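Engineer: Below is one structure. I have some questions about it.
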Amino acid sequence: MKKQDLIVVVALIALWLAWPTVDRLVIRKYFFPHSAAVAAATNAVPAVSGSNVVLDVAGTAPAAIAEAPAAVEEPAMPSVPEKTAVLENARVKVTVSSWGASIVAAELKAYPQSREAGSAPVVLDFSDTRALAYLGVPGFSGFDDFALETERDGRTARFERASPAGVRLRRTITLTDGYQLKITDELSNTGAEAVTLPAQRIQLGAMRDFKGETPTKGMVYLGADTLLPGGEGVKHWGSKIPKWFDAAREQQGLPKIPARIEWPIEKPADWIAVKNKYFAQVLVPEGGGDKARVRATRVISPAEVEDPAFKPRGAVVETVSASLELPELTIRPGESQTRAMQYYAGPKKYSELNQYGQHMVDVMEFGMWAPVGKVLLRILNWIHDVLWPHNYGVAIILLTILVRIVFWPVTRKSTESMKRMQEIQPLVTEVRAKYKDNTQKQQQEIMALYKEHKVNPMGGCLPMLIQIPVFIALYVVLRSAIELRFSPFLWIKDLSQPENLFQGMIPFVGSLNILPIFMAATMAWQQKLTPSAGGDPAQQKMMMFMPVMMLVLFYNIASGLVLYWSTNQVLMITQQLLMQRKKKAAAAATSGG
């Protein structure tokens with residue numbers, strides 16, 4: 084790689100890391116003012132008080148909660164004992180409850196809780212906020228007790244309950260072969276008059292981050308998503324939740340950050356999801372929903388427990404749940420209406436989510452890099468599944484080699500361009516000296532030299548510019564790909580995390596990460612191998628610090644990504660050494676002849 088190319092690479096990486104801020108302060112403000120206005124309204128908080136705050140993305144409290152905006156709905160506990168049953172297949176064990184005809188837990192058999200041998204499977208615990216329970220529907224809400232029966236196949240549960248208004252709800256939950264459940268609600272009017280059920284909400288269970296997982300700096304994984312209809316795409320709400328906690332305190336003059344918040348999202352949604360880094364729930368009602376509502380609680384620190392007057396500086400989100408509002412129903416006497424839904428509770432895995440369609444894979448947040456990221460993930464999984472020793476570290480190395488092979492034609496042209504640049508460098512130096520007092524004339528003459536000798540000054544940058552989307556897409560894939568969760572390689576315990584050797588024992592940085600140091604060393608070595616072509620002394624001096632800058636940028640990101648970039652550096656050095664050897668051999672043959 085030409086030394087000056089590193090400036091382009093680092094600038095692009097810096098822009099990529101700073102993109103959320105640039106997007107918020109520049110792009111949305113000046114290029115999409117309507118979106119900025121919506122975002123401003125989204126962050127607005129109505130005047131409320133108390134420790135539980137209800138927020139409205141439109142900036143005003145909706146009529147349903149205007150009378151008591153501080154009250155977050157809490158269903159009453161039933162007086163009858165809870166009955167539970169288990170629906171099970173080879174991948175998941177789902178526990179259903181008679182209270183609310185709901186799901187209280189999902190055990191994911193293929194995913195251990197920790198790296199330790201014999202670790203128990205991950206359990207998504209919804210006992211506090213029950214998945215699939217109705218909210219705000221008299222007789223069917225929250226903890227209302229249903230009759231519960233299960234089929235012999237262990238895959239189907241049936242619930243039944245009659246409301247005081249004469250409406251009977253028969254719910255059937257069927258577990259498929261994967262992580263998806265199919266729900267059918269049959270609502271029958273057993274009375275003598277028509278009954279109108281107001282808009283009903285169905286909730287997803289509360290989720291939290293798992294202990295022991297090192298978060299990626301600057302990333303928010305715990306959150307909720309909604310799929311907007313009409314091709315508007317998926318909206319990710321997770322990054323807004325901490326800001327809304329702060330907004331509730333600042334705008335309403337509350338003495339401290341509220342313990343929990345709840346707000347409506349005044350937009351239709353085809354589906355709603357709640358997720359953490361590796362797992363997700365997705366509720367897809369047939370025909371979509373009218374609007375969503377998200378609830379979040381924050382961590383209460385030990386200092387706050389000891390001193391209730393203690394004021395935390397910011398909210399650390401502990402749990403997130405959500406509900407989707409469905410349209411009101413009018414049922415005539417003796418008639419029934421049926422509503423179908425699909426519910427997913429499982430890993431954020433591309434191969435699983437993709438089979439259900441409806442943009443469900445977007446809960447993985449590949450963003451604008453989705454086309455490249457999906458291809459890379461498929462290739463990575465294919466290499467892992469087909470080639471021995473079926474290790475993702477080896478797969479990343481082989482993927483890097485494959486990328487270098489694909490980019491070889493462009494790299495070769497870049498090398499030839501760099502060689503021509505070096506050949507005319509004495510002429511460029513003469514022009515700079517001749518027109519040192521006239522910068523404009525100097526640039527004109529240099530460009531004329533490039534044109535005369537058919538040299539593209541950007542030719543050396545082209546391979547790096549092409550690889551940047553691959554680099555960023557791979558980062559996006561690795562940061563939350565469940566395939567890499569607890570995947571080891573040599574001394575690395577988890578390729579989706581930094582190495583974190585001697586965690587908490589290294590001053591200033593906390594832990595030792597060897598790969599970023601190795602990567603910076605290979606960059607310094609490559610700089611020494613690359614012959615200087617003259618140029619600005621200040622620029623050359625800056626290049627000396629480039630490995631250190633890259634070390635800082637890469638030190639705490641996923642080790643799988645650093646493995647990719649380090650392998651890429653080694654391959655580039657190897658290629659450069661071979662080219663130099665070939666050049667020396669050609670020169671020796673010419674002089675010998």
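Using my numbering, you'd call the opening residue of the sequence shown number 84 and step up by one each time. Glycine included, every Cβ here is placed at the ideal spot set by N, Cα and C. This structure is a prediction, so every number in the text was calculated from the model and none was measured.
1) In whole angstroms, what is the alpha-carbon distance linking ASP260 and ASP308?
2) Flag this pair as yes or no: are the beta carbons of PHE637 and PRO599 separated by less than 8 Å?
3) Given that a residue counts as buried once 16 or more other Cβ atoms are within 10 Å of its Cβ, and exposed if not, what is GLN526?
4) Distance, Cα to Cα, PRO195 vs PRO430?
5) So, helix, strand or coil for ARG284, using DSSP?
6) So PRO430 is in the beta strand (DSSP E); what residue range does that whole segment cover?
7) Going straight from the alpha carbon of GLU582 to that of MET451, what length do you get?
8) Are the CB atoms of GLU243 and SER419 nearer to each other than 8 Å?
9) Among residues of its own chain, excluding the 5 on either side of GLU165, which ones have a beta-carbon nearer than 7 Å to its beta-carbon?
10) What residue from GLY476, MET443, ILE256 and LEU548 has the CA that sits closest to VAL367's CA?
11) Specify the secondary structure class of PHE554 as computed by DSSP and reduced to three states.
12) Shortest alpha-carbon distance to GLU369 belongs to which of LEU407, LYS666, ALA200 and SER185?
13) Which of the three DSSP states, helix, strand or coil, is assigned to TYR163?
14) With a threshold of 7 Å (Cβ to nearest heavy atom), would SER322 be considered close to the ligand ATP?
15) Please look up how many angstroms separate the CB atoms of ILE38 and ARG381, rounded, as I've assumed it's under 8 Å.
16) Exposed or buried, which one is GLN283 when buried takes at least 16 other CB atoms within 10 Å?
17) Determine contact between the stretch 325-337 and the stretch 348-357, defined as no fewer than three beta-carbon pairs at a distance below 8 Å.
18) Give the secondary structure of SER197 by DSSP, where H, G and I count as helix, E and B as strand, and everything else as coil.
19) Let's test the definition: count the other Cβ atoms within 10 Å of the Cβ of GLY201 and tell me whether it reaches 16, buried, or not, exposed.
20) Go through its chain and collect everything with a Cβ distance to LEU108's Cβ below 8 Å, but skip five positions before and after it.
21) Taking C-alpha atoms, which residue in ILE488, VAL493, GLY476 and VAL538 lies nearest to VAL645?
22) Answer with buried or exposed for LEU660, where buried requires no fewer than 16 other C-beta atoms within 10 angstroms of its C-beta.
23) Given that a residue counts as buried once 16 or more other Cβ atoms are within 10 Å of its Cβ, and exposed if not, what is VAL403?
24) Just reading off the alpha helix (DSSP H) that ARG503 is part of, what are its end residues?
25) Examine the Cβ distances between the stretch 244-256 and the stretch 380-394 and report whether three or more of them are shorter than 8 Å.
26) Classify TRP574 as helix, strand or coil using the three-state DSSP reduction.
27) Taking only three categories from DSSP, how would you classify GLN586?
28) Would you tell me roughly how many angstroms separate the C-alpha atoms of ALA230 and ARG251, rounded to the nearest one?
29) In its own chain, which residues sit with a C-beta less than 8 Å from the C-beta of LEU311, not counting the 5 before and 5 after it?
30) What are the start and end residues of the beta strand (DSSP E) that includes VAL377?
31) Does the Cβ of ASP390 have 16 or more other Cβ atoms within 10 Å, making it buried, or fewer, making it exposed?
32) Write down the C-beta distance between THR421 and THR267 rounded to the nearest angstrom, noting that I regard them as a contact closer than 8 Å.
33) By alpha-carbon positions, which one of ALA331, ARG238, TRP320 and MET655 ends up nearest to GLY397?
34) Using C-beta distances below 7 Å, list every residue in its chain close to ALA531, excluding the 5 sequence neighbours before and after it, in chain order.
35) Spatial neighbours of THR167 within its chain, please: C-beta separation below 6 Å, excluding the five flanking residues on both sides.
36) Go through its chain and collect everything with a Cβ distance to ILE549's Cβ below 7 Å, but skip five positions before and after it.
Structural biologist: Walking through what the data contain:
1) 25 Å
2) yes
3) exposed
4) 12 Å
5) strand
6) 419-430
7) 28 Å
8) no
9) SER180, SER181 and TRP182
10) MET443
11) helix
12) LEU407
13) According to the sequence shown, residue 163 is Val rather than Tyr. Reduced to three states, the DSSP call for VAL163 is coil.
14) Annotation note on the ligand ATP: not contained in the displayed structure, which lists no ligands.
15) A query on residue 38 cannot be resolved here, the shown segment of the chain reaching from 84 to 676 and no further.
16) buried
17) no
18) coil
19) Looking at its Cβ environment, which holds fewer than 16 other Cβ atoms inside 10 Å, GLY201 is exposed.
20) Note that LEU108 has pLDDT 48, beneath the 50 cutoff, so the model's placement of it is unreliable and the number below is only indicative. Cβ neighbours of LEU108 beyond the five flanking positions: none.
21) Cα-wise, what sits closest to VAL645 is GLY476.
22) exposed
23) buried
24) 491-506
25) no
26) coil
27) In the three-state reduction of the DSSP assignment, GLN586 falls in the strand class, which pools E and B.
28) 12 Å
29) VAL317, LYS318, LYS350, PRO351, ALA352 and ASP353
30) 374-381
31) exposed
32) At roughly 6 Å, the Cβ-Cβ gap stays under 8 Å, so THR421 and THR267 are in contact.
33) ALA331
34) Closer than 7 Å at the Cβ level, and outside the excluded window around ALA531, lies no residue.
35) THR178 and SER180
36) PHE490 and VAL493
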